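The sequence shown begins at 631 in the numbering used here and counts up one residue at a time. Notes follow once the structure below has been shown.
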Amino acid sequence: MAQVALVVAVLLFVVYIYSQFSYSRKRLPPGPPPIPLLGNIHQLPAKYQEKTFAQWGQTYGDIIYARFFTRSTVVLNSVQSARDLLDKRSAKYSGRPHSVLQEELYGWDRFIVYLDYGDLWRKHRRWIHASFSDRNTLLSWQAIQRREVAVLLSSLIASPSDLETHIKRYTSALIMETVYGHTVRSADDEYVHIMNEAMTRSVEGEGASASLVDFIPILKYIPAWMPGAHFKRNAIEVRAIVRDAWSRPYNMVKKRLASGTAKPSVVASLIETSSREGTLEQDEYDIMATGSALYGRKYEFYSKVLTMSRDKDIYPEPEVFRPERYMNIDPAAAEYADPLSYTFGFVTSTSRPCAVIA
631 MAQVALVVAV LLFVVYIYSQ FSYSRKRLPP GPPPIPLLGN IHQLPAKYQE KTFAQWGQTY
691 GDIIYARFFT RSTVVLNSVQ SARDLLDKRS AKYSGRPHSV LQEELYGWDR FIVYLDYGDL
751 WRKHRRWIHA SFSDRNTLLS WQAIQRREVA VLLSSLIASP SDLETHIKRY TSALIMETVY
811 GHTVRSADDE YVHIMNEAMT RSVEGEGASA SLVDFIPILK YIPAWMPGAH FKRNAIEVRA
871 IVRDAWSRPY NMVKKRLASG TAKPSVVASL IETSSREGTL EQDEYDIMAT GSALYGRKYE
931 FYSKVLTMSR DKDIYPEPEV FRPERYMNID PAAAEYADPL SYTFGFVTST SRPCAVIA
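Printed below as a string of structure tokens:
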């Protein structure tokens, strides 16, 4: 009798789970049928997932539901559906998914890219916006920009084949000085090196096995010594590098402020403001994160500059440096331009990014 009762209980439990899944599934957008435990992860390739999403879109429509292990995902397959949900109804649908790998294991927990909308996100956004909206600050940076442009052009003339290296050094130097007040004097600058290493190791660590922890969060508790836990051992190394990248340039600015030798910079301004308000102790970690976030923008800037310089529609032989391309600018216009009188950004035209000044 007890065995019959157990079998009936198991059957009732299975029916209940199935009915709950079927009921909740009816309220979700259409999508590929999942399998138990795995969901749809077995249908997702390691690379070029967007191609699979596009194929699903042809079958299921612009809004698709899929489940990857325990993570429910809605895929938007058209610009219109993205605008309808993320723009027109942004208060309801905007947000950022939590990354166990990057935030908890690698230590990017206060990085604004991963912050969900809330008081902390608004605090970081306010700091960044204030840093780049002051007229006097922007004007003071023009001297830095002119100096670094001169260094860049001199380097390009001396070794034009090293275009990528020179642009990387140029973007790093600009951002290190404006954010930390630190002048980059060599290609192996210690602060540039540690920041680049933190960014690079964090991206390189996002392999298929490591990314599983975002879909199965319980994997973060696996001991690093266990066989197959390479992602955990790597995470320990990356976390130490990330902490070093956040703290070393910050402590450099703090020490220079104490000795009176600090140059004007974003981080110096945030430290001084928090010190006056008596909140430095609680703001310190967030200031470190803000400085790192601003340095991280160099990768977007670098990629766009490099792409524009290699536009074959504008420059024949784009891989060859030709000084005359940069010699038709009126120096007077650049000298006296009001940095707040124009907007600079990038838009996409066909397959290439284009600079826009308005």
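Positions of the beta carbon are idealized from the N, C-alpha and C atoms, including for glycine. Fair warning: this is a prediction, and the values are worked out from it, not measured in the lab.
| Asked | Found |
| --- | --- |
| Classification of His-823 by the beta-carbon crowding that lies within 10 angstroms, buried from 16 upward | exposed |
| Val-814, buried or exposed, once every other Cβ within 10 Å from all chains shown has been counted against 16 | buried |
| Runs of alpha helix (DSSP H) wholly within the segment 667 to 736 (minimum 4 residues, chain order) | 679 to 690, 709 to 712, 720 to 723 |
| Three CB pairs or more closer than 8 Å across the segment 661 to 674 and the segment 685 to 702 | yes |
| Length of the line joining the Cα atoms of Ala-760 and Gly-921 | 14 Å |
| contact_flag[the segment 724 to 737, the segment 858 to 869] where n(CB pairs < 8 Å) is 3 or more | yes |
| Contact set for Glu-778: own chain, Cβ-Cβ below 7 Å, skip 5 residues either direction | Tyr-800, Ala-803, Leu-804 |
| Pairwise C-alpha distance: Leu-667 and Asp-916 | 38 Å |
| Residue of Phe-861, Tyr-821, Arg-927 minimising C-alpha distance to Gly-835 | Phe-861 |
| For Ile-846, the three-state DSSP class (helix, strand or coil) | coil |
| Ile-901 - partner residues in DSSP beta bridges | According to DSSP, which records beta bridges pairwise, Ile-901 is partnered with nothing at all. |
| Residue closest to Arg-657, alpha-carbon to alpha-carbon, out of Asp-818, Ile-694, Ile-848, Leu-674 | Ile-694 |
| Per-residue burial, Asp-844 [other beta carbons within 10 Å of its own, 16 or more giving buried] | buried |
| Proximity below 9 Å, CB of Val-730 to CB of Lys-884 | no |
| Outcome for Ile-742 when other beta-carbon atoms lying within 10 angstroms are tallied against a minimum of 16 | buried |
| Extent of the continuous alpha helix (DSSP H) run through Pro-879 | 860 to 889 |
| C-beta atoms of Met-829 and Tyr-929 nearer than 9 Å | yes |
| Contacting residues, own chain, Cβ-Cβ under 6 Å from Arg-886 (five flanking each side not counted) | Ala-892 |
| Which of helix, strand or coil DSSP assigns to Ile-993 | What is shown of the chain runs 631 to 988, which leaves residue 993 out entirely. |
| Residue interval of the alpha helix (DSSP H) (run including Tyr-810) | 793 to 810 |
| Exposure of Pro-617, with buried meaning 16 or more beta-carbon neighbours within 10 Å | Lying outside 631 to 988, the shown extent of the chain, residue 617 is not represented and no answer is given. |
| Cβ pair Arg-755, Met-918 closer than 9 Å | no |
| Beta-carbon contacts of Ala-712 that lie in its chain and below 7 Å, excluding the five residues immediately before and after | Leu-706 |
| Span of the alpha helix (DSSP H) around Trp-771 | 765 to 788 |
| Residue from Ala-859, Arg-831, Tyr-810, Ala-817 with nearest C-alpha to Ser-877 | Tyr-810 |
| Exposed unless 16 or more other CB atoms sit within 10 angstroms - verdict on Asp-913 | buried |
| CB of Met-825 within 9 Å of CB of Tyr-744, strictly | no |
| Spatial neighbours of Ser-785 in its chain, beta-carbon cut-off 7 Å, leaving aside the 5 residues before and after | His-796 |
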